[in-house]
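Notes to accompany the following structure.
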Amino acid sequence: SKSFHSLIYSIFSLRIHTSLSRRVWSKRHLTWTLRDPFNLIQSPTTLSTIRRILDESFTVWEESLNGQMSFTQIFPPFNPSSKKSKGVDIDILFARGDHGDKDAFDGRGGTVAHSGYPPRGIVHLDADELWTLGEGGVDLRQVVLHELGHVLGLRHSKSDESIMNPFYIQKRRALFIPMIDEYNLRQLYH
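Written out as structure tokens, the structure is:
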């Protein structure tokens, strides 16, 4: 049917615009932690909300792989540096400016986050951004989904539909992995 062919054409034409890093996790159960070594998150309610968003984001990626990979939050001993905690696969932290990884943040606007491909497993979020859950700032949910895509091995995509597009697009509302990103991720972890 025409719609089936359109779908197949869309997948393969968009696939050309996305590079897979070819770096993948060798294990299928990964641990993650949220750290605030610079004491930038002052409110327990805010911290709880951020943890919930991270957990939901990991769940969305897990579902896109049909459960072939799982993610569990752990709470390692306090680590005051920007270096990844021992025994943690994915280390997420809020930082500002020069935070010790040779990839300084630039304050509000500009770079909002950066991450590392497997097995580096880091996500650093710029604490100076106006983080929101939708409109009026930078949507934490969408940025985290994008950065976790890198942590899983996806590179940037030229597709406007892709969560891996390098430019922050505020129009997204729902927390989901677009079909092209799901397809590319499954190519890495088949």
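In case it helps, the UniProt record's numbering puts the sequence shown at residues 1 to 190. Ideal Cβ positions, reconstructed from N, Cα and C, are used throughout, including at glycine.
Under 8 Å by Cβ, that's how I've got residue i and residue j pegged, so tell me the actual separation to the nearest angstrom.
i    : j    : result
V151 : V123 : 6 Å
D101 : G121 : About 13 Å; that fails the 8 Å criterion.
G134 : L188 : That pair is no contact at about 30 Å.
S48  : V144 : Actually they are not in contact, since the Cβ atoms of S48 and V144 sit about 15 Å apart, beyond 8 Å.
Return helix, strand or coil for residue i, following the three-state DSSP convention.
i    : result
F58  : helix
D91  : strand
S43  : coil
L185 : helix
S81  : coil
S26  : coil
Use the C-beta contact count for residue i: other C-beta atoms within 10 angstroms, 16 or more gives buried, fewer gives exposed.
i    : result
S6   : Residue placement at S6 is poorly supported in this model, since its pLDDT is 39, which falls under 50; the coordinates still yield a value, given next. Exposed is the call here.
T33  : buried
F94  : buried
G116 : buried
E63  : exposed
H29  : exposed
R141 : buried
Between residue i and chain C, is there a C-beta pair that is closer than 8 Å?
i    : result
A104 : Absent here is chain C; the protein component of the structure consists of one chain.
*Which runs of the alpha helix (DSSP H) fall wholly inside the stretch 96-174 and span at least 4 residues, in chain order?*
140-152
_Quick test of the definition: if touching needs 3 or more C-beta pairs under 8 Å, does the stretch 60-72 touch the stretch 124-131?_
no
_For the pair the stretch 77-84 and the stretch 28-42, tell me if three or more CB-CB distances fall below 8 Å._
yes
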